Every structure is written in C-alpha cells, then in structure tokens.
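In full-length UniProt numbering, the protein residues as written are 1 to 460. Beta carbons are placed, not taken as given, at the ideal position from N, Cα and C, and that holds for glycine. Bear in mind the structure is a predicted one, so any value in this text is a computation, not a measurement. Notes follow once the structure below has been shown.
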DNA sequence: TCTAAAGTAT
C-alpha cells in the first residue's frame with residue numbers, strides 16, 4: 001500500500017480501508033490502517049474505531065480487538081457489541097461469567113442493550129450458559145425499546161429454543177413476529193427437524209413458499225426432512241426447484257442432495273448429482289457419496305470412491321473415515337477396512353476419532369472376530385466411549401457370545417450408570433445362564449439409583 | 001464511515 005503524502009485520508013476513507021482489510025482477512029494490512037488512524041489523530045472517532053475492532057475480529061486477533069476497546073475514549077453500543085462478538089467467536093477466550101459481567105458493565109455505564117447485543121448473546125446460550133430465559137425476559141420487558149420481534153432477535157430466539165428442544169416456545173416467537181424473512185422461516189423449519197417433527201417442517205416449507213422465495217440455505221435445511229420421512233418425491237421436488245433457480249452449481253446444495261438421495265435409497269440419483277461437473281466437489285461431497293454406498297452394502301464401491309478421492313487430492317477427514325470403515329463393516333471387508341484405519345495417521349494425516357474406532361469394533365464384531373475386537377478396544381488410541389462398547393455388545397448378541405456380552409455390559413454400566421437399559425441387558429445375560437442371585441442384585445442396584453425399567457421392556 | 005440471525009457428510 002502506498003499513500004500520497006499530500007492528500008491525507010479522512011475518517012471515512014480510513015473506515016472504508018478498515019472494512020476492506022476485514023474482508024481480505026489480513027491482519028497486517030489492518031494494522032497498517034490502524035497505524036494511520038493513530039497518526040492522523042482519528043482515534044477518538046467512535047464509529048471509525050468500531051470498524052477497527054470489527055477488523056481485528058474478522059482477522060482473528062482478539063488481542064487487537066480488546067486493545068482498541070480498552071483505549072477508546074468514547075464507546076457506544078456497537079463498541080460493546082463487537083467486544084461481545086469477540087467473546088463468542090474466540091471460544092478459547094470464552095468465559096461465560098466474563099460475558100455476563102460485560103453485559104452488567106454495559107448497563108452500569110448506561111449503554112443501551114440493543115437488538116444487536118441480544119442477537120449476539122442468544123447464540124451463546126447453550127447448556128453451559130443458561131441466561132437464555134433471562135435474556136428473553138429482558139427482551140419482553142424492553143419490548144417497545146427493542147422492537148421485541150426484530151427479525152434478527154426472533155430468529156436467534158427460535159434457534160436458541162430449538163437447541164433446548166423447546167420448539168413450542170420457538171413457534172410462539174415465530175407466530176408473534178411482525179415480519180418474517182427467509183432466515184426466520186428457515187430457523188423455525190430447522191427447529192421442527194431438529195426436534196423430530198419433519199412432517200410439520202415440510203408443511204411449513206410449503207407455506208413458506210407463498211410468502212418468501214426459498215434460498216440455498218433453506219433448501220439445504222429442508223432436505224434432511226425428506227430423508228427422515230423417506231420422501232424421495234419431496235426431495236426430487238426440491239431438486240427440481242434448485243435446478244430451475246440455478247442453485248445446483250453450489251457445492252453445499254449438491255452435498256445435501258447427495259445425502260438425501262442416499263438416505264432415500266436412490267444411489268443412482270445420488271451418483272448422478274455427484275458426477276455433475278457443474279460444481280467443485282469438496283470433502284463433504286466425497287464423504288456423503290462414500291457413506292451412501294457403504295450404507296447400502298456396497299463396500300467395494302465405497303473403497304474405490306475413497307481411493308478416487310485420494311487420487312483427486314481431496315484430503316479425507318475423520319468423518320470420511322467413519323463412512324468408509326462402516327461401509328467395509330457392512331460388506332465384510334475386514335482387511336480393507338483395517339488397512340484404511342491403519343493408514344489413517346500415516347497416509348492421510350487423520351487421527352482416528354472414537355467414532356472411527358467404534359466402526360472398527362463394529363466391523364470386527366460383525367465378522368465374528370470378537371476377541372480381536374476386544375483386543376482392539378484395549379489398544380485403541382482414544383478412551384472407549386459407550387458407542388465402542390455398544391458395538392461390541394451388538395456383535396456379541398449377533399454371535400451369541402455371552403462372555404463378551406457380559407464384558408460389554410459391565411463397561412457400559414460403568415460409563416453410563418444412569419442408563420437403565422444397560423442394567424437390563426446385563427441382567428439378561430445372567431438370567432439366560434440361570435444366575436438369578438446376580439439378577440436380583442442388579443435389580444437392587446437399579447433401584448438404589450432410582451432407575452426403572454423402560455416401558456416396553458416386557459421381555460425382562 | 002460501526003455491530004447481529006438460518007444450512008449440508010458419522
């Protein structure tokens with residue numbers, strides 16, 4: 001960058017330059033702009049400094065952002081909002097109490113919490129940080145000042161309630177919103193999908209089309225509902241809409257289509273979408289098609305697609321690994337699956353996740369190699385999870401191996417002491433060998449934990 | 001000239 005010394009940039013120019021730096025995402029260029037601002041004496045311009053904070057945020061420098069905030073002589077709501085965003089973006093810096101303290105501090109300094117503040121805070125309200133309802137109350141109390149059902153705030157509320165499995169409260173917000181754009185519609189549709197009501201999700205999607213034009217994200221969001229309902233017809237209609245509206249050049253949409261076709265059982269359509277050259281395939285495209293072939297018992301095709309991916313220079317990740325190994329498992333390709341697992345670190349640079357390890361256990365187990373599966377569990381690089389022992393349990397049921405069933409159940413109880421089905425499975429093991437004393441002891445253990453048999457376990 | 005929201009592969 002060069003600068004004509006005779007013409008000094010004003011605060012507007014500098015703000016534009018700061019914005020450009022954010023878009024490039026280059027912190028060095030941003031820092032240069034920041035230096036000019038200091039030299040030209042514009043550091044007291046709040047709006048300009050807010051854009052510098054936003055630049056540091058987008059360029060990944062929490063330190064830069066914090067420093068600007070701390071040195072600002074005057075701050076407005078936007079300054080606080082960017083700082084709060086910083087806490088949510090830079091997760092490693094995230095200490096929830098700190099965020100709440102910032103909010104309190106903001107109020108103490110009489111800075112108004114606005115719709116921006118609220119829609120930044122709401123996505124941070126997960127299981128660990130439980131201010132969601134408090135924030136919602138704040139919104140209700142400040143309805144007139146805040147424009148309660150601001151479309152941003154409303155969408156965030158729907159999303160927050162969805163994550164807490166409360167689609168009813170989300171729907172109440174949605175129904176009361178003054179204006180609903182595509183984001184709000186997508187949020188409520190997603191909420192139904194995430195909470196298992198795919199019929200309502202599709203019904204809303206139909207209604208939505210009379211109100212707003214679907215975009216790429218909304219189509220991607222609704223496709224899993226078609227998969228869940230096994231509605232190939234619904235999926236094809238969305239595919240048709242995507243083609244007519246030229247969304248089918250986008251990799252993310254094609255990925256969602258591939259997944260939908262695989263899950264609806266139409267592999268040839270999935271492959272047709274995959275093979276379309278009008279878009280650039282990424283690791284999700286490959287992982288989806290590989291998993292699809294694997295799921296349908298076509299392990300050899302899954303393995304050759306996996307090799308094709310490597311040849312194309314697309315780096316597989318741990319999810320790709322899970323797809324290809326589980327495909328091997330379903331097709332009895334133990335040797336191929338183990339080869340891929342063993343090359344994961346050395347050839348593909350993937351450290352196997354516990355999910356990948358569970359697939360290996362499942363693969364060995366299905367093939368009847370239960371001792372080898374147990375040996376694998378004892379030597380795997382990550383701590384076995386319930387899914388790992390669950391895989392061994394499933395295989396020991398399949399191959400009627402009581403001894404392995406007992407081992408798997410014991411570990412399952414150890415890992416999930418509150419899950420009653422584990423006790424029941426173990427007591428079934430003992431019941432089948434007539435060890436009623438141990439069965440009774442297990443019943444007592446369940447009782448002392450306040451656990452009950454799940455309804456429907458009539459076989460116990 | 002400043003700040004916020006929805007999505008796809010196990």
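Cβ distance (whole Å) where residue i is taken to contact residue j below 8 Å
i	j	result
residue 99	residue 118	That belief does not hold up - the Cβ atoms of residue 99 and residue 118 are roughly 13 Å apart, past 8 Å.
residue 131	residue 77	That belief does not hold up - the Cβ atoms of residue 131 and residue 77 are roughly 19 Å apart, past 8 Å.
residue 461	residue 392	One cannot answer for residue 461 here, as it falls past the ends of the chain, which runs 1 to 460.
residue 189	residue 205	6 Å
residue 290	residue 345	The Cβ separation is near 19 Å, so there is no contact.
residue 241	residue 214	7 Å
residue 259	residue 288	5 Å
residue 72	residue 106	Wrong, their Cβ atoms sit about 14 Å apart, outside the cutoff.
residue 21	residue 33	6 Å
residue 394	residue 365	7 Å
residue 185	residue 218	7 Å
residue 361	residue 328	Contact doesn't hold; Cβ gap of about 13 Å is too wide.
residue 409	residue 422	6 Å
residue 292	residue 264	With a Cβ gap of about 10 Å, residue 292 and residue 264 do not count as contacting.
Residues of its chain near residue i, where Cβ-Cβ distance is below 6 Å and the 5 sequence neighbours each way are ignored
i	result
residue 149	176, 177 and 178
residue 451	420
residue 88	124
residue 458	Any reading at residue 458 needs caution, since the residue's pLDDT is 45, under 50, leaving its predicted position unreliable; the model's value is listed next. Counting only Cβ-Cβ distances below 6 Å, and skipping sequence neighbours, we find nothing.
residue 36	none
CA nearest to the CA of residue i, picked from the options
i	options	result
residue 317	158, 347 and 267	347
residue 198	182, 174 and 224	224
residue 284	312, 313 and 251	251
residue 220	228, 234 and 254	254
residue 25	327, 56, 268 and 167	56
residue 308	333, 332, 331 and 274	274
Continuous alpha helix (DSSP H) stretch holding residue i: start and end
i	result
residue 280	Per DSSP, residue 280 belongs to no alpha helix (DSSP H) and is neither H nor E.
residue 400	No alpha helix (DSSP H) holds residue 400; DSSP gives it neither H nor E.
residue 208	198 to 208
residue 134	132 to 141
residue 330	318 to 330
residue 70	62 to 71
residue 40	27 to 40
residue 358	354 to 366
residue 107	96 to 108
residue 224	216 to 228
residue 438	436 to 448
residue 335	334 to 348
residue 463	The shown model of the chain, from 1 to 460, leaves out residue 463, and the question about it has no answer.
residue 84	77 to 89
residue 376	370 to 379
residue 311	299 to 311
residue 175	167 to 176
Chain-order list of residues whose beta-carbon lies under 7 Å from that of residue i (same chain, five-residue window excluded)
i	result
residue 239	257
residue 19	51
residue 194	162
residue 368	399
residue 431	439
residue 319	287
residue 201	189, 192, 193, 222 and 225
Residues near residue i by beta carbon distance below 8 Å, same chain, minus five either side
i	result
residue 81	114, 116, 117 and 120
residue 280	251
residue 276	248 and 254
beta-carbon residue i near the ligand COA non-hydrogen atom, thresh 7 Å
i	result
residue 107	Judged by which ligands are present, the structure shown has none, so any question about the ligand COA falls away.
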